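Student: With the numbering used here applied, the sequence shown covers 62 to 272. The structure that follows is given in the form of structure tokens.
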Amino acid sequence: MEIEKNNNKELVPLEHYLEQYHEVDPAEISARTGVLYDSQRSVFQLRFFGRDYEIAFPEFGAKCLDEQYAYDALASMNPAKILAVRYLLEGVSTKGTGKFLTYREVPWGEVYYRQFNGRCMMRLAYGFGNRLDAFRTAMEAMHAQPVKAADAAYQVEVFPGYYVQFLLWEGDEEFAPSSQILFSDNFPAGFHAEDLVVICDVLITILKQLS
62 MEIEKNNNKE
72 LVPLEHYLEQ
82 YHEVDPAEIS
92 ARTGVLYDSQ
102 RSVFQLRFFG
112 RDYEIAFPEF
122 GAKCLDEQYA
132 YDALASMNPA
142 KILAVRYLLE
152 GVSTKGTGKF
162 LTYREVPWGE
172 VYYRQFNGRC
182 MMRLAYGFGN
192 RLDAFRTAME
202 AMHAQPVKAA
212 DAAYQVEVFP
222 GYYVQFLLWE
232 GDEEFAPSSQ
242 ILFSDNFPAG
252 FHAEDLVVIC
262 DVLITILKQL
272 S
């Protein structure tokens with residue numbers, strides 16, 4: 062697998078998780094996460110940010126099965142690779158109730174809210190708040206589902222059963238653009254508050270590339 066070498070802050074944890082991944086039992090991963098494992102071909106079948114991937118084992122490698130996908134996060138971003146590996150190592154299969162949480166409502170969300178607001182909500186608002194058509198185009202390219210909220214809103218399946226909603230209000234001469242980000246209420250069962258910052262950061266980067 063090709064790894065970006067220019068960011069040691071990302072590279073060190075990625076290499077750490079890859080070492081763990083090499084030693085785990087793929088049957089245990091499949092039972093815990095619900096991700097299908099083909100033992101004959103030694104690959105997991107993982108849905109990640111709206112796309113289907115084959116994830117090789119024990120040497121991690123990702124192949125996007127949608128050849129028309131314009132931007133492959135698992136081929137381009139170390140944070141995306143860390144998310145995928147960590148989900149296989151630590152994730153659980155769980156369903157939400159249909160309710161969604163703000164970041165402040167997830168455990169420890171208040172502690173990390175300033176970081177989340179800057180890296181995610183403000184970045185989303187000022188990146189797309191005056192470009193709603195570009196936002197819609199990028200979301201539809203990801204197979205995201207439209208949501209009846211705000212001026213433009215979509216729901217993305219990050220991992221199987223885990224959903225994030227991006228809501229945007231358009232800016233004008235009088236008001237600045239604004240955003241809200243919501244998480245299906247099963248996220249606290251499988252992810253920490255810090256993880257949600259990375260998830261949204263990766264998703265916004267994907268949107269910028271697709272737009």
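For every residue, glycine included, the Cβ atom is placed at its ideal position computed from N, Cα and C. The structure presented is a predicted model; accordingly, all values stated were derived computationally and were not measured.
1. Can you tell me which of Gly-159, Ala-210, Cys-181 puts its alpha carbon nearest to the alpha carbon of Asp-256?
2. Does the Cβ of Trp-230 have 16 or more other Cβ atoms within 10 Å, making it buried, or fewer, making it exposed?
3. Taking three-plus beta-carbon pairs below 8 Å as touching, is the region 156-168 in contact with the region 240-249?
4. If we count the other Cβ atoms within 10 Å of its Cβ and call it buried at 16 or more, is Gly-358 buried or exposed?
5. Could you please give the first and the last residue of the uninterrupted beta strand (DSSP E) stretch that includes Leu-97?
6. Kindly indicate which three-state DSSP category Asp-246 falls into: helix, strand or coil?
7. Hey, Gln-81 and Leu-150 are a contact pair by Cβ (cut 8 Å); roughly how many whole angstroms apart?
8. Am I right that Trp-169 and Ala-254 are in contact with their C-beta atoms under 8 Å? What's the rounded C-beta distance?
9. With the cut-off set at 8 Å, would you say Glu-218 and Asn-139 are in Cβ contact?
10. Extract the residue ranges of the beta strand (DSSP E) inside the region 78-135, only unbroken runs of 3 or more that lie entirely within it.
11. Does the beta-carbon of Met-62 have 16 or more other beta-carbons within 10 angstroms, so that it is buried, or is it exposed?
12. With a Cβ-Cβ cutoff of 8 Å, do Tyr-132 and Ile-267 count as a contact?
13. Just verifying my parser: in three-state terms, what is the DSSP assignment at Glu-171?
14. Kindly indicate which three-state DSSP category Ser-137 falls into: helix, strand or coil?
15. Just verifying my parser: in three-state terms, what is the DSSP assignment at Val-146?
Tutor: Reading off the structure:
1. It is Cys-181 whose Cα lies nearest to the Cα of Asp-256.
2. buried
3. Yes: at least three Cβ pairs fall under 8 Å.
4. Because residue 358 is not part of the residues shown, which for the chain are 62 to 272, the question remains open.
5. Leu-97: member of the beta strand (DSSP E) spanning 97-99, first to last residue.
6. coil
7. Contact flag correct, Cβ pair sits at about 6 Å.
8. 4 Å
9. No. Outside cutoff.
10. 97-99, 104-109, 112-117, 123-125
11. Its pLDDT being 46, under 50, Met-62 is placed unreliably in this model, and the coordinates cannot settle the point.
12. yes
13. coil
14. Here Ser-137 sits in helix by DSSP.
15. helix
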